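K.L.:
Residue numbers (our numbering): 376 to 796.
1. Specify the secondary structure class of residue 333 as computed by DSSP and reduced to three states.
2. Is it buried or exposed, residue 460, if we count other Cβ atoms within 10 angstroms and call 16 or more buried?
3. Please go through the same chain and pick out, in chain order, the residues whose beta-carbon is closer than 7 Å to the beta-carbon of residue 627, but skip the five residues on each side of it.
4. Who are the near neighbours of residue 603 in its chain, counting only those whose CB is closer than 7 Å to its CB and skipping five residues on each side?
5. Suppose you measure from the CA of residue 651 to the CA of residue 607; what does that come to, to the nearest Å?
6. Name the two residues that bound the continuous beta strand (DSSP E) containing residue 584.
7. Identify which residue in 643, 743, 620, 642 has its Cα closest to the Cα of residue 632.
8. How about residue 735: is its Cβ closer than 6 Å to a heavy atom in the ligand ZN?
9. Given that a residue counts as buried once 16 or more other Cβ atoms are within 10 Å of its Cβ, and exposed if not, what is residue 567?
10. For the beta strand (DSSP E) containing residue 567, list its first residue and its last residue.
11. Measure the beta-carbon distance from residue 417 to residue 438 and round it to whole angstroms, keeping in mind my assumption that it falls under 8 Å.
12. Assuming residue 514 and residue 485 are in contact, meaning their beta carbons sit under 8 Å apart, how far apart are those beta carbons, in whole angstroms?
13. Tell me, please, whether the segment 500–508 touches the segment 470–480 by the rule of three or more beta-carbon pairs shorter than 8 Å.
14. Between the Cα of residue 638 and those of 649, 657, 714, 615, spot the shortest distance and give me the residue it belongs to.
15. Give me the Cα-Cα distance between residue 550 and residue 571, rounded to the nearest whole angstrom.
16. What is the DSSP secondary structure of residue 478, reduced to helix, strand or coil?
17. Closest to residue 435 by CA distance: which of 448, 408, 508 is it?
18. Quick check: what's the CA-CA separation for residue 657 versus residue 739?
19. Return the first residue and the last residue of the beta strand (DSSP E) that residue 507 is part of.
20. Grab me the residues of residue 759's own chain with a C-beta within less than 7 Å of its C-beta, minus the 5 sequence neighbours each way, in chain order.
21. Return the first residue and the last residue of the beta strand (DSSP E) that residue 625 is part of.
22. Given residue 754, which residues of its chain have a CB within under 7 Å of its CB, disregarding the five upstream and five downstream residues?
23. Pick out whichever of 644, 411, 630 has its Cα sitting closest to the Cα of residue 666.
24. Given that a residue counts as buried once 16 or more other Cβ atoms are within 10 Å of its Cβ, and exposed if not, what is residue 476?
25. Given a threshold of 16 other Cβ atoms within 10 Å of its Cβ, counted over all protein chains shown, does residue 769 qualify as buried or as exposed?
26. Could you have a look at residue 605 and say whether DSSP puts it in helix, strand or coil?
27. Under the three-state reduction of DSSP, which class applies to residue 484: helix, strand or coil?
28. Going by alpha carbons, who is nearest to residue 356 out of 648, 640, 442, 424?
29. Let me make sure I understand the geometry here. Which of 600, 579, 573, 585 has the alpha-carbon closest to that of residue 593?
30. Taking 7 Å as the limit between beta carbons, can you name the residues of its chain near residue 576, skipping five residues before and five after?
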């Protein structure tokens, strides 16, 4: 028996030594060339459209080991569970990722689980596409969704990655979603009922709404069809706007700037401002408009005058007239850009107003005036009774190098340059 044990030990020692020698030999590393393609999603369990599902979580399986970090952040940023009661648990299992609710799935409830683009493998290859599935823990999946587009209203452009919350009434069950690169979203499936839809720009990427972030909300009834909404995200708070600065481009114009956006539906009239001089005399106001509107009116006036001048020249030249007519006929087609990004249906809410004075009561250089804004309303409907600023009209400076010579004064002789050698 001792001989058998000794022989066995000797055999094992020889095998270990051979292994050491084999490991020390130089050769090509195993595994072939480095992979440069992103991980591929092989399956999702349960399958989309499944009903009467009994499961603890939704399992995404890939064709290789994926990273436990998503592109630019944690895996929690790449998976959405809707409806969502608390932050879902994301469990990484090498080539699988499981999404679990904070508590068990509700009975007789339809769910959607979305994998956003950004899953990476161990080599940094990024999966640029996402995947969404819907299933139900009950016998049916409701057919309705809330669809729409979110805009960054202040900048008049779409808001990719905007967060969407849809609160069902009366139990306040929250459904969630994220806007795509075109600002569009689709959240559901939903049962018929009434909901509050809110979109916000998650600027700090904490997956929660903060009061200083731009947002918009609207109530909607879901019945017979899936509604499509436009949401205009802008900074909104309960503090009414205050007059911040006043500038004077000329003696008949003032530009009043506020610290917050103004309600575009609230009427602003000459009665919304009072302008008084040091003698307490009021200046008469002719118009008050949003600065963007006033600027567009000025551009339209200038374009109209330029067009009138071109028409006058064209009438005197048949060739030019025919050329201008041909260009006018094709202009709408050339200006049409099917690839132009979508714009919100309404202009951005103003923060600046242009005040035009009556020419009979202009402002005077070096004089000081008090400008008072009355009951200017913010986006949430709150109005400040009054706020004011003082402005001193600057003296117009004349460039002496360009001033015309006084009557009777000799004209300035032209500069004499030495001849070139």
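Don't be surprised by glycine CBs; every beta carbon is placed ideally from N, CA and C.
These numbers come from a predicted model, not from an experiment.
P.N.:
Considering the structure as presented:
1. There is simply no residue 333 to check, as the chain begins at 376 and stops at 796 in what is shown.
2. Here residue 460 refers to the residue found at position 85 of the chain shown. Flag for residue 460 reads exposed.
3. The sequence position of residue 627 within the chain shown is 252, counting from 1. Apart from the 5 residues on each side of it in sequence, residue 627 sits with its Cβ closer than 7 Å to the Cβ of 731, 732, 734, 737 in its chain, given in chain order.
4. Indexing the chain shown from 1 puts residue 603 at position 228. If we look at residue 603 and ignore the five residues flanking it on each side, its Cβ neighbours are 522, 523.
5. Sequence index remark: in the chain shown, residue 651 carries index 276 (1-based). Sequence index remark: in the chain shown, residue 607 carries index 232 (1-based). C-alpha separation (whole angstroms): 37 Å.
6. The residue you call residue 584 lines up with position 209 of the chain shown. That residue, residue 584, is in no beta strand (DSSP E); it is neither H nor E in DSSP.
7. Counting from one through the chain shown, the residue named residue 632 turns up at place 257. That would be 620, whose Cα lies nearest to the Cα of residue 632.
8. Looking at this structure, you won't find the ligand ZN or any other ligand, since it has none at all.
9. As a first step, residue 567 is located in the chain shown; it is residue number 192 there, counting from the start. Its Cβ having fewer than 16 others within 10 Å, residue 567 is exposed.
10. Position 192 of the chain shown, counted from the start, is the residue given in the question as residue 567. Under the DSSP assignment, residue 567 falls outside any beta strand (DSSP E); it carries neither an H nor an E label.
11. Taking the chain shown and counting its residues from 1, the one referred to as residue 417 is at position 42. Taking the chain shown and counting its residues from 1, the one referred to as residue 438 is at position 63. Separation of the CB atoms of residue 417 and residue 438 is rounded to 5 Å, and the pair is thereby assigned contact status at 8 Å.
12. The count along the chain shown starts at 1 and reaches residue 514 at position 139. The count along the chain shown starts at 1 and reaches residue 485 at position 110. About 11 Å separates the two Cβ atoms, so there is no contact after all.
13. With the cut-off at 8 Å, the segment 500–508 and the segment 470–480 do not touch.
14. Taking the first residue of the chain shown as position 1, residue 638 is located at position 263. The candidate whose alpha carbon is nearest that of residue 638 is 615.
15. For the purposes of this step, residue 550 is identified with residue 175 of the chain shown, where counting begins at 1. For the purposes of this step, residue 571 is identified with residue 196 of the chain shown, where counting begins at 1. Residue 550 and residue 571: Cα-Cα distance of roughly 10 Å.
16. Looking up residue 478 in the chain shown gives position 103. In this structure, residue 478 counts as coil in the three-state DSSP scheme.
17. Here residue 435 corresponds to residue number 60 of the chain shown, with the count starting at 1. Put simply, of 448, 408, 508 the residue whose alpha carbon is nearest the alpha carbon of residue 435 is 508.
18. To locate residue 657, count along the chain shown from 1; it is residue 282. To locate residue 739, count along the chain shown from 1; it is residue 364. In a straight line, the C-alpha of residue 657 is about 13 Å away from that of residue 739.
19. For this step, residue 507 is matched to residue 132 along the chain shown. Residue 507 -> beta strand (DSSP E) spans 506–511.
20. Along the chain shown, one-based indexing puts residue 759 at 384. Around residue 759: 615, 616, 617, 751.
21. Here residue 625 corresponds to residue number 250 of the chain shown, with the count starting at 1. Looking at the DSSP string, the run of the beta strand (DSSP E) that includes residue 625 is 618–625.
22. By one-based count along the chain shown, residue 754 stands at place 379. These residues qualify, in order along the chain: 609, 611, 636, 638, 724.
23. What you label residue 666 is simply residue 291 of the chain shown in a count that begins at 1. Out of 644, 411, 630, 630 has the C-alpha closest to the C-alpha of residue 666.
24. Residue numbering aside, residue 476 sits at position 101 when the chain shown is read from its first letter. Label assigned to residue 476: buried.
25. The residue given as residue 769 occupies position 394 in the chain shown. That one is exposed.
26. Here residue 605 refers to the residue found at position 230 of the chain shown. Residue 605 carries a strand assignment under DSSP once its states are collapsed to helix, strand and coil.
27. In the chain shown, counting from the first residue as 1, residue 484 sits at position 109. DSSP places residue 484 outside both helix and strand once states are collapsed to three, so it counts as coil.
28. As displayed, the chain neither begins before 376 nor continues past 796, which places residue 356 out of reach and without an answer.
29. For the purposes of this step, residue 593 is taken as the residue at position 218 of the chain shown. Out of 600, 579, 573, 585, 573 has the C-alpha closest to the C-alpha of residue 593.
30. Reading the chain shown from its first residue, position 201 is the one you call residue 576. Non-local C-beta neighbours of residue 576 in its own chain, meaning closer than 7 Å and more than five positions away in sequence, comprise 527, 534, 537, 588, 589, 608, ordered along the chain.
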